[in-house]
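Using our numbering, read the sequence shown as starting at 3 and increasing by one per residue.
Cβ coordinates follow ideal geometry from the N, Cα and C atoms, glycine included.
Owing to the predicted nature of the structure, the values given are computational and were not obtained by experimental measurement.
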Amino acid sequence: MRKFNIRKVLDGLTAVSAVASASSAAQQQQAGNRETEIQETLQSEHFQLCKTVRHGFPYQPSALAFDPVQKILAIGTQTGALRLFGRPGVECYCQHDSGAAVIQLQFLINEGALVSALADDTLHLWNLRQKRPAILHSLKFNRERITFCHLPFQSKWLYVGTERGNIHIVNVESFTLSGYVIMWNKAIELSSKSHPGPVVHISDNPMDEGKLLIGFESGTVVLWDLKSKKADYRYTHDEAIHSVAWHHEGKQFICSHSDGTLTIWNVKSPTKPFQTITPHGKQLKDGKKPEPCKPILKVEYKTTRAGEPFIILSGGLSYDTVGRRPCLTVMHGKSTAVLEMDYSIVDFLTLCETPYPNDFQEPYAVVVLLEKDLVLIDLAQNGYPIFENPYPLTIHESPVTCCEYFADCPVDLIPALYSVGARQKRQGYSKKEWPISGGNWGVITQSYSEIIITGHADGSIKFWDASAITLQVLYKLKTAKVFEKSRNKDDRPNTDIVDEDPYAIQIISWCPESRMLCIAGVSAHVIIYRFSKQEVTTEVIPMLEVRLLYEINDVETPDGEQVPPVPTPGTGSNPQPIVPQSHPSTSSSSSDGLRDNVPCLKVKNSPLKQSPGYQIELVIQLVWVSGEPPQQITSLAINSAYGLVVFGNCNGIAMVDYLQKTVLLNLGTIELYGSNDPYRREPRSPRKTRQPSGAGLCDINEGTVVPEDRCKSPTSDVKDNSFSRSRSSSVTSIDKESREAISALHFCETFTRKADTSPSPCLWVGTTLGTVLVIVLNLPPGGEQRLLQPVIVSPSGTILRLKGAILRMAFLDTTGSLVPPAHETWREHHEDKDEKEKAKKRRPVSVSPSSSQEISENQYAVICSEKQAKVISLPSQNCIYKQNITETSFVLRGDIVSLSNSICLACFCANGHIMTFSLPSLRPLLDVYYLPLTNMRIARTFCFTDNGQALYLVSPTEIQRLTYSQETCENLQEMLGELFTLVETPEAPNRGFFKGLFGGGAQSLDREELFGESASGKASRSLAQHIPGPGGIEGVKGAASGVVGELARARLALDERGQKLGELEEKTAAMLYSADSFSKHAHEMMLKYKDKKWYQF
3 MRKFNIRKVL DGLTAVSAVA SASSAAQQQQ AGNRETEIQE TLQSEHFQLC KTVRHGFPYQ
63 PSALAFDPVQ KILAIGTQTG ALRLFGRPGV ECYCQHDSGA AVIQLQFLIN EGALVSALAD
123 DTLHLWNLRQ KRPAILHSLK FNRERITFCH LPFQSKWLYV GTERGNIHIV NVESFTLSGY
183 VIMWNKAIEL SSKSHPGPVV HISDNPMDEG KLLIGFESGT VVLWDLKSKK ADYRYTHDEA
243 IHSVAWHHEG KQFICSHSDG TLTIWNVKSP TKPFQTITPH GKQLKDGKKP EPCKPILKVE
303 YKTTRAGEPF IILSGGLSYD TVGRRPCLTV MHGKSTAVLE MDYSIVDFLT LCETPYPNDF
363 QEPYAVVVLL EKDLVLIDLA QNGYPIFENP YPLTIHESPV TCCEYFADCP VDLIPALYSV
423 GARQKRQGYS KKEWPISGGN WGVITQSYSE IIITGHADGS IKFWDASAIT LQVLYKLKTA
483 KVFEKSRNKD DRPNTDIVDE DPYAIQIISW CPESRMLCIA GVSAHVIIYR FSKQEVTTEV
543 IPMLEVRLLY EINDVETPDG EQVPPVPTPG TGSNPQPIVP QSHPSTSSSS SDGLRDNVPC
603 LKVKNSPLKQ SPGYQIELVI QLVWVSGEPP QQITSLAINS AYGLVVFGNC NGIAMVDYLQ
663 KTVLLNLGTI ELYGSNDPYR REPRSPRKTR QPSGAGLCDI NEGTVVPEDR CKSPTSDVKD
723 NSFSRSRSSS VTSIDKESRE AISALHFCET FTRKADTSPS PCLWVGTTLG TVLVIVLNLP
783 PGGEQRLLQP VIVSPSGTIL RLKGAILRMA FLDTTGSLVP PAHETWREHH EDKDEKEKAK
843 KRRPVSVSPS SSQEISENQY AVICSEKQAK VISLPSQNCI YKQNITETSF VLRGDIVSLS
903 NSICLACFCA NGHIMTFSLP SLRPLLDVYY LPLTNMRIAR TFCFTDNGQA LYLVSPTEIQ
963 RLTYSQETCE NLQEMLGELF TLVETPEAPN RGFFKGLFGG GAQSLDREEL FGESASGKAS
1023 RSLAQHIPGP GGIEGVKGAA SGVVGELARA RLALDERGQK LGELEEKTAA MLYSADSFSK
1083 HAHEMMLKYK DKKWYQF
């Protein structure tokens, strides 16, 4: 990017002859004055870019794991992302660099570590004992593909099954392979003539760690004796196996099969299953086998002390249940509950009271990971209700079409939205606490509140509390309920301009102080909402229809509808009310049967009950004009102090007084210029076939633009990955067919003309051709007069020019502080207060310049376009600073934001750069290559806000937040929650005296003796490659004693970047104390019973 000397002042705006004639020497003198007068405090060191948190449902989930002691949930995705969830407010996002899909996750239970297996045949060990987890080790398999992993509780040896049917063993402390390998041919021997297929299951017998159960895809199951290195039993079945689960006593196991059956096997009876169940099969007469069903993809077998065991499974429905939703089946004793899900099931886990596999499991909940949701089912309550999900996982409930971000909102705003949103909550949830409760919250260092607003494809709007890097939904508004819905596709009106999602939100304009909300939808509709805490019933929904023409009609048809090209001051055009029509009009303007004066959507004509929250003030719709559909709205602004809303598209601009419910302005874009149009365009009818006429346009350098009469839905799958825009800088070389759209609108109180001596209310309009025009607003006095006298709107004649479409405008006062648009403070609209008092508040107070200031130096306009930014002194209209932001790309989003008690311009470019510039001098402060634009979703949702915050939709289901503030980056570590907390591992189940005496209890195994290098030798070097991770420590536990423990602790300290190790010390001390007390008790017991015989106990 070219850097400009900010002291050098470039010539003014070429489109305005008066500005062009001002001498550059005078401008240079002005620039010098500005720099001495306005002290800029922001420096490059105030800026640093980093990601903060990611919210929302993990996109394309693929794996699930739970630590039953730490109570942490992990979800892996198809793009290599890892999301960890603890108690509400504690969550973390990590990413595998390769981007390969996560196929399985395994916690090292209560160790603060996690193993991930990826589709690229790598294993990774994550350290969760730090706020931002890091990879400690990786292991890349070269010759075999990983299909299944199993890590027994409190073991450091990980079993890894492969596609070839072999099992390798990995030491998770050193992340090296053992020389011990279970080869598939040794496991099955002569029991099968063919290859048994990939390993789909590995688990050790809950009562004997020396016996390993191996499930092969083809239907063969082998119980392998690790010590003797041979198979004890082989169980063969005709149907392919999907999953296997043990009964906790280790005498039975259950398999799920591809024909929808479950087989229960007694360990010592390998010839045939003890029982075969078809949960969803129709039982046929004559003892015939039930009809085959869909595969049971997973089964879990959980026991309880008090009653029957639970068998929980996914899949297995009969083939004739066409269109039935995916189901989770819970079989408990004789009852079978079929729980329907909204999306297909990716995985599920049963949460149990104990981490020990050889104890009664006592299941209390099931976590079900769906394709687009996470559901927790309460097993302890009748009817299996679901838990209310406290995580912000519903961002994508309907696809997000736009986003806005507000920091430092009024303090009463979040409580107000929460109170109206609390009434919308569903009933019937489980009464229990959310069971995923691990981790600790971070320290809140931010004192200001933040709100995110998301607009959705179904016309809904969600308000989110985003304060202190958390996210919680506050309130949901359904904008579609004001319109009549068509019951089926055939019933839909033929006036639709989108193929789907006709209510989708495109633009949101919100005034936090007055709580006024305005939205523009994809069907060329605008709705204005007022916030109220009281419920009302609106008998008739107030509505206006606006006929926004493309250009004035052709010269050849002078008797057509003419609009004056230059409205004189004082002529607010108030068209007659238009009767909505649901069929093509037969009026004189469309005798050929073309649709005319018809809106795209039909507003309900029945009374509308409106709950507390946002209530409709006015519905505005653009109508069809002579067979041409209304064009989608490209810009929108509302001002609560003036009582006005304005919007524009590629046809023109319309302004509405929402207090008087009248249209004040309705002009084609060309008409805004009046006689000052620099483009020498011929007026033309919208009905004309678009053929190049070549009038005055001699050096055309762009291709013809094909008009899109049927606009695409914001959620359509058409992706524009080129993102190249060629715009001519020459005034005379504008593409014949390009329409100049309204791209930016800003209400303010400033100087509208050079001769002005005081600021006055006005509207600044920016277009896609880089023009800024100013419209003067003449507001009646406050009180009753505001509701009776018309607002007078007139163009000022002021025209400014920039290169590229105008994106954002703002105004600074003499000190360089931001001048916010005038606004009204919120008050309850339905209360019977004095109307005069209420209306008076709507009239902004004009700020008159103090006598000590020169009139000509009162304000500065900051204008940002796709290509450049300019600061213009008002009222003189001299360009005093200019910065070319990008030459080869274009700015997607520009915002004027406050940071560290100062302000700056923040820009996000299509080439991936995030930049900030000081104001007013436009000095570059930050330029970081962050994120190349890869899809329209990022372009549509990226936004900056105050205090160095920004966000965008990183996937269809997730919001990524980032900061460009150095201070926030420094405080981020404190603000993040901790995943790992010190929790005592529950006591192992009591074996009982007789089991201990006669060997009926769980058998332990010295795995080190079997799998260590001394016993099994070294593994083949070519089989797998060890890769040290960026976390790089040799062990996670860090609680061991001796030299190795000290080394591990030292390395952990490096990895955790100086985080306190007090928790480890405490744990070590607790373990030593526990051992010491155990020793004392044992000694006392020995003294007490030393003289007694065994039968006297």
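- Our two residues, residue 296 and residue 257, have alpha carbons roughly 15 Å apart in a direct line.
- As a beta-bridge residue in DSSP terms, residue 93 pairs with 87.
- Taking C-beta atoms as the reference points, residue 953 and residue 940 fail to come closer than 8 Å.
- Distance check between residue 459 and each of 511, 403, 471 places 403 closest, using alpha-carbon atoms only.
- Residue state for residue 209 is assigned as coil, using DSSP reduced to three classes.
- Taken through DSSP and simplified to helix, strand or coil, residue 509 comes out as strand.
- Given a length threshold of 3 residues, each whole run of the beta strand (DSSP E) inside the segment 31 to 76 is given here in chain order: 49 to 58, 63 to 69.
- Contact between residue 544 and residue 621 holds, since their C-beta atoms are separated by about 7 Å, short of 8 Å.
- By the neighbour-count criterion, in which 16 or more other beta carbons inside 10 Å mark a residue as buried, residue 213 falls on the buried side.
- Unbroken beta strand (DSSP E) runs of no fewer than 3 residues, entirely contained in the segment 361 to 416, are found at 365 to 372, 376 to 380, 402 to 409, following chain order.
- Residue 168 sits in coil when the DSSP states are folded into three classes, being neither helix nor strand.
- Here DSSP, grouped into helix, strand and coil, assigns residue 635 to coil.
- Exclusion of the five residues before and after residue 744 leaves 636, 637, 650, 651, 655, 671, 767, 769 as the residues of its chain whose Cβ lies within less than 7 Å of its Cβ.
- In the DSSP assignment, the residues bridged to residue 349 are 371.
- Considering only 803, 610, 936, 209, the residue with the shortest C-alpha distance to residue 912 is 936.
- The shortest C-alpha to C-alpha distance from residue 754 to any of 801, 746, 393, 984 is the one to 801.
- For residue 673, the three-state secondary structure derived from DSSP is helix.
- Along the segment 775 to 845, the beta strand (DSSP E) occurs as fully enclosed runs of 3 or more residues at 794 to 803, 808 to 814, listed in sequence order.
- In this structure, 394 is the residue among 334, 119, 309, 394 with its C-alpha nearest to the C-alpha of residue 92.
- Judged by beta-carbon spacing, residue 453 lies within the 8 Å limit of residue 466, meaning their Cβ atoms are closer than that value.
- Put simply, the segment 374 to 381 does not touch the segment 264 to 283. Fewer than three CB pairs are less than 8 Å apart.
- Annotated three-state conformation of residue 532 is strand, per DSSP.
- Look at the beta carbons and you see the segment 956 to 973 not touching the segment 117 to 124: under three pairs across the two are nearer than 8 Å.
- For the pair of segments examined, the segment 860 to 871 was found to touch the segment 799 to 818: the number of CB pairs separated by less than 8 Å reaches three.
- Using a Cβ distance threshold of 8 Å, residue 250 and residue 306 do not count as a contacting pair.
- Counting of Cβ neighbours within 10 angstroms places residue 260 among the buried residues, the total reaching 16 or more.
- For the pair residue 909 and residue 919, the Cα-to-Cα distance works out to about 8 Å.
- For residue 446, no pairing in a beta bridge is given by DSSP.
- For the segment 259 to 328, the continuous beta strand (DSSP E) assignments of 3+ residues that do not extend past its boundaries occur at 264 to 268, 277 to 279, 298 to 304, 312 to 317, in sequence order.
- Around the C-beta of residue 1032, fewer than 16 other C-beta atoms lie within 10 Å, and the residue is accordingly described as exposed.
- When the Cα atoms are used, residue 522 and residue 531 turn out to be separated by approximately 12 Å.
- A Cβ-Cβ separation of about 5 Å places residue 87 in contact with residue 75 under the 8 Å criterion.
- Counting other Cβ atoms within 10 Å of its Cβ, residue 385 stays below 16 and is therefore classed as exposed.
- Assigned with DSSP and collapsed to three states, residue 662 falls in coil, not helix or strand.
- Residue pairing of residue 523 in beta bridges, as defined by DSSP: 507, 527.
- Cα atoms of residue 895 and residue 56: separation of roughly 20 Å, rounded to the nearest angstrom.
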